[in-house]
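>
Residue numbers (the numbering used here): 19 to 356.
This is the structure in structure tokens:
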């Protein structure tokens, strides 16, 4: 992030004590601290980064906009976590290790309490996943939070979306649908029971990027992405990139936790298949990898659900019902401009 040159006098010497903090005050107080693996971070016109030998850089950008991606009254500490976490998840989906982040903030006002809480959440996520905040920008405007993240992956080892092959198994991690159920609860669309409601809200507001899983799936997964716009909608991206089709097994869908939270069956299924905001990993792997993937699930203490298989019928997505019938699915994901 830009900082004033060393010759610039401290803001406290030139601004009235009652004046709101300047852009540079906010950066110094809340977004300037030591880094782990950055040659030069905020303070100059650009950061200096050094990739480790034999590594490719994986780069992704994502933004969160108030009213579109989060409620305006979302706890700022949760929002700080999520702002970075959704970007970390993009690297997890490539089998890449997150290393550096650049944060751009448009803020309607210099609310220092809000900014301090946001920074605590952001740095908590950075610490959890070994990310350096290497730079960024701030400006006044409608609340908009944007991160560019850079990670490393051994050359040739990245997992893209184009590697699904007919006969591969289709897997998803964790518990897809919880975040969408949490959002529905906050909107008053569903009445969840108290023991489970907090977990659904936490899945929405504090997503857990599956970095360890993404790294472990190098060499096992053929294709992979993170579920941000709905499981079926994101599956469609894999199918399009791979020139393949899929059959999803209704009986294998992990609905139990959603039903236990109090969701009606149709709502639970809709949240799981089309809800989005889960940031779980959806991946394909050869049937011969099942034993290794089951062992990986136990090692990470993370459920990995085998929910279907890849076919050679390009673009076709079917749902196999409990009685063996196959129904055509129309996997439409979230579209910001729809």
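Heads up, the beta-carbon is just placed ideally off N, CA and C, and yes, glycines get one too.
1) Name the DSSP beta bridge partners of residue 120, please?
2) What does DSSP give as the partner residues of residue 345 in its beta bridges?
3) In angstroms with no decimal places, state the Cα-to-Cα distance between residue 273 and residue 90.
4) Taking C-alpha atoms, which residue in 319, 88 and 298 lies nearest to residue 194?
5) Okay, do the region 253 to 265 and the region 322 to 335 touch, 3+ Cβ pairs below 8 Å being the bar?
6) Using 8 Å as the limit for Cβ to Cβ distance, is residue 168 near chain B?
7) List, from N- to C-terminal side, the alpha helix (DSSP H) runs of 4 residues or more that fit wholly inside the region 294 to 318.
8) Do you know whose CA, among 139, 181 and 178, lies nearest residue 94's CA?
9) Could you check the C-alpha separation between residue 86 and residue 161 for me, to the nearest Å?
10) Leaving out five residues on either side along the sequence, give the residues of the same chain with a beta carbon under 6 Å from the beta carbon of residue 179.
11) Considering only DSSP beta bridges, list what residue 115 is partnered with.
12) In the structure shown, what three-state DSSP assignment does residue 200 receive?
13) Going straight from the alpha carbon of residue 173 to that of residue 74, what length do you get?
14) Suppose you measure from the CA of residue 122 to the CA of residue 57; what does that come to, to the nearest Å?
15) For residue 214, is the classification buried or exposed, using 16 other Cβ atoms within 10 angstroms of its Cβ as the cut-off for buried?
16) Under 8 Å: do the region 68 to 82 and the region 127 to 139 share three or more Cβ pairs, one atom per stretch?
17) Rounded C-beta distance between residue 236 and residue 177? I'm assuming under 8 Å.
18) Taking 8 Å as the threshold (C-beta atoms), are residue 296 and residue 229 in contact?
19) Cα separation between residue 348 and residue 250?
20) In angstroms, rounded to a whole number, what distance separates the CA positions of residue 223 and residue 333?
21) Quick one: what's got a C-beta closer than 8 Å to residue 220's C-beta in the same chain, skipping five residues either side?
22) Where do the N-terminal and C-terminal ends of the beta strand (DSSP E) with residue 266 fall, by residue?
23) Check this for me: beta carbons of residue 65 and residue 153, under 8 Å apart or not?
24) What ranges does the beta strand (DSSP E) occupy inside the region 199 to 282, keeping only unbroken runs of at least 3 residues that lie completely in it?
25) Using three-state DSSP, classify residue 179 as helix, strand or coil.
26) Can you name, in chain order, every residue of its own chain whose Cβ lies under 6 Å from the Cβ of residue 10, other than the five neighbours on each side?
27) Quick one, which of 171, 226 and 188 has its alpha-carbon nearest residue 96's?
28) Pick from 129, 128, 114 and 105: whose alpha carbon is nearest that of residue 120?
29) Threshold first: 4 residues or longer. Then list the alpha helix (DSSP H) segments lying entirely within the region 127 to 151, N to C.
30) Could you tell me which uninterrupted beta strand (DSSP E) segments, each at least 3 residues in length, are contained entirely in the region 62 to 116, listed from first to last along the chain?
31) Pick helix, strand or coil for residue 186, following the three-state DSSP scheme.
So, from the data block:
1) For residue 120, which the question treats as bridged, DSSP gives the partners 153 and 166.
2) In the DSSP secondary-structure assignment, residue 345 is bridged to 337.
3) The straight-line gap from Cα to Cα measures roughly 30 Å.
4) Measuring from the Cα of residue 194, the nearest candidate turns out to be 298.
5) Between the region 253 to 265 and the region 322 to 335 there are three or more C-beta pairs closer than 8 Å, enough to call the two in contact.
6) Absent here is chain B; the protein component of the structure consists of one chain.
7) For the region 294 to 318, whole alpha helix (DSSP H) runs of length 4 or above, ordered along the chain, are 308 to 318.
8) For residue 94, the nearest C-alpha among the options comes from 139.
9) Counting only the Cα atoms, residue 161 lies some 11 Å from residue 86.
10) Counting only Cβ-Cβ distances below 6 Å, and skipping sequence neighbours, we find 241, 243, 255, 256 and 259.
11) Per DSSP, 170.
12) Reduced to three states, the DSSP call for residue 200 is helix.
13) Computed Cα separation, rounded: 5 Å.
14) Going by the C-alpha atoms only, they are around 20 Å apart.
15) Buried, by the Cβ-count rule.
16) No contact exists between the region 68 to 82 and the region 127 to 139.
17) At roughly 7 Å, the Cβ-Cβ gap stays under 8 Å, so residue 236 and residue 177 are in contact.
18) The answer is no: Cβ separation not under 8 Å.
19) Roughly 8 Å separates the two Cα atoms.
20) Approximately 33 Å between the Cα atoms of the pair.
21) Excluding residues within five positions, the ones whose Cβ falls inside 8 Å are 200.
22) That run of the beta strand (DSSP E) goes 263 to 267.
23) Yes, Cβ-Cβ distance for residue 65 and residue 153 is below 8 Å.
24) Listed in chain order, the complete beta strand (DSSP E) runs (minimum 3 residues) inside the region 199 to 282 are 239 to 244 and 263 to 267.
25) DSSP, reduced to helix, strand and coil, places residue 179 outside both helices and strands of the structure shown, so it counts as coil.
26) Because the chain is modelled from 19 through 356, residue 10 falls outside the range shown and cannot be assessed.
27) Comparing Cα-Cα distances from residue 96 to each of 171, 226 and 188, the minimum goes to 226.
28) Of the listed residues, the one whose Cα sits closest to residue 120 is 105.
29) If we require 4 residues or more, the alpha helix (DSSP H) runs fully inside the region 127 to 151 come out as 130 to 147.
30) Secondary structure within the region 62 to 116: the beta strand (DSSP E) runs of 3 or more consecutive residues, fully enclosed, are 73 to 83 (chain order).
31) Here residue 186 sits in coil by DSSP.
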